[in-house]
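Visitor:
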Amino acid sequence: MIEAQTLPTPTGPLALLAHEGTIVAAGFTADPHEMFVRLSPRLQAHGLTRVEDLGHAAQAVRDYLDGDLAALDKVEVEQPGTPTRHRLLTALREVPAGTTISYAELAERAGLPRTAARAAGSACAQNLIAPFVPCHRILPSTGGFGGYYYGTPVKRWLLTHEKALAPALAL
78 MIEAQTLPTP
88 TGPLALLAHE
98 GTIVAAGFTA
108 DPHEMFVRLS
118 PRLQAHGLTR
128 VEDLGHAAQA
138 VRDYLDGDLA
148 ALDKVEVEQP
158 GTPTRHRLLT
168 ALREVPAGTT
178 ISYAELAERA
188 GLPRTAARAA
198 GSACAQNLIA
208 PFVPCHRILP
218 STGGFGGYYY
228 GTPVKRWLLT
238 HEKALAPALA
248 L
């Protein structure tokens with residue numbers, strides 16, 4: 078069974094979906110079913126049920142919101158994709174909170190040529206596990222916030238939250 082919990086955040090509800098303790102989807106929506114339909118048919122076959130508390134993952138979200146910007150990094154996640162996409166998603170999880178990089182730099186960090194920026198953008202667009210896989214930290218090299226599946230205001234809030242607390246990480 079896929080277990081779902083919705084948590085309140087300052088930027089709106091965050092739905093978490095887990096299978097056997099691993100986060101398989103997360104997104105800024107009040108309806109976990111919106112995330113469920115984006116899962117692979119293999120995972121959808123398990124069905125969806127709401128739970129009161131997903132434990133470690135839910136606590137990590139609360140800790141992140143309370144200022145522990147590394148809390149989400151400690152949660153196990155899994156999502157489908159090609160080996161190249163997995164390299165990009167792994168590199169994405171390694172972008173430190175409070176920092177941003179370009180799509181081209183993400184490609185480079187994944188061991189791809191900088192010209193693979195489009196592939197990096199595609200991996201971000203298809204990311205099922207925001208903010209655990211922090212695609213909000215990737216910005217276009219041309220400036221601005223670029224796109225974000227949950228809207229620019231959510232992306233802006235996440236970046237502002239992290240930038241305000243990131244100096245405390247260095248202490």
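To convert a position in the sequence shown, counted from 1, into the numbering used here, add 77. Glycine included, C-beta positions come from ideal geometry on N, C-alpha and C.
1) Take Leu137 and list the residues in its own chain whose beta-carbon comes closer than 6 Å to its own, dropping the five residues that flank it on each side.
2) Give every residue of the same chain whose Cβ lies closer than 6 Å to the Cβ of Phe222, excluding the five residues on either side of it in the sequence, and list them in chain order.
3) How would you call Glu129, buried or exposed, if buried means at least 16 neighbouring beta carbons within 10 angstroms?
4) Ser179 by DSSP, collapsed to three states: which one?
5) In whole angstroms, give me the CA-to-CA distance for His213 and Ala202.
6) Would you call Ala95 buried or exposed, if buried means 16 or more other Cβ atoms sit within 10 Å of its Cβ?
7) Going by C-alpha distance, which of Gly89, Glu239, Gln82, Pro85 is nearest Pro173?
8) Is Gly198 buried or exposed, if buried means 16 or more other CB atoms sit within 10 Å of its CB?
9) Okay, do the stretch 205-212 and the stretch 168-183 touch, 3+ Cβ pairs below 8 Å being the bar?
10) So Thr192 is in the beta strand (DSSP E); what residue range does that whole segment cover?
11) Specify the secondary structure class of Ala111 as computed by DSSP and reduced to three states.
12) By how many angstroms is the C-alpha of Ala102 removed from the C-alpha of Val31?
13) DSSP three-state label for Ala241, please.
14) What residues match up with Glu80 in a beta bridge as DSSP calls it?
15) For Val231, which of helix, strand or coil comes out of DSSP?
16) Any idea what DSSP makes of Val101, helix, strand or coil?
Guide: Per the coordinate set shown:
1) In the sequence shown, counting from the first residue as 1, residue 137 sits at position 60. Strictly speaking, residue 137 in this sequence is Ala, with Leu absent from that position. Cβ within range, chain order: Ala148, Leu149, Val152.
2) What you label residue 222 is simply residue 145 of the sequence shown in a count that begins at 1. The answer, listed in chain order, is Thr229, Lys232.
3) Translated into the one-based positions of the sequence shown, residue 129 becomes position 52. Label assigned to Glu129: exposed.
4) Walking along the sequence shown from the start, residue 179 turns up at place 102. Three-state result, Ser179: strand.
5) If you number the sequence shown from 1, residue 213 lands on position 136. If you number the sequence shown from 1, residue 202 lands on position 125. His213 and Ala202: Cα-Cα distance of roughly 10 Å.
6) Position 18 of the sequence shown, counted from the start, is the residue given in the question as residue 95. With 16 or more other Cβ atoms within 10 Å, it is buried.
7) Stepping through the sequence shown from its first residue, residue 173 is reached at position 96. Among Gly89, Glu239, Gln82, Pro85, the Cα nearest to that of Pro173 is on Glu239.
8) Counting from one through the sequence shown, the residue named residue 198 turns up at place 121. Answer is buried; the Cβ neighbour count reaches 16.
9) yes
10) By 1-based counting over the sequence shown, the position of residue 192 is 115. Segment: none, Thr192 is in no beta strand (DSSP E) and carries neither H nor E.
11) Counting from one through the sequence shown, the residue named residue 111 turns up at place 34. Looking at the sequence provided, one finds Glu at residue 111 rather than Ala. If DSSP states are grouped into helix, strand and coil, Glu111 belongs with the helices.
12) Here the chain comprises residues numbered 78 to 248, so residue 31 is not present and cannot be evaluated.
13) Residue 241 sits at position 164 when you count from the first residue of the sequence shown. The three-state reading of DSSP puts Ala241 in helix, counting H, G and I together.
14) In the sequence shown, the residue the question calls residue 80 occupies position 3. For Glu80, DSSP records a beta bridge to Ala95, Thr126.
15) Within the sequence shown, the letter at position 154 stands for residue 231. The answer is helix: DSSP assigns Val231 an H, G or I state.
16) Mapped onto the sequence shown, residue 101 falls at position 24. Val101 falls in the strand class under three-state DSSP.
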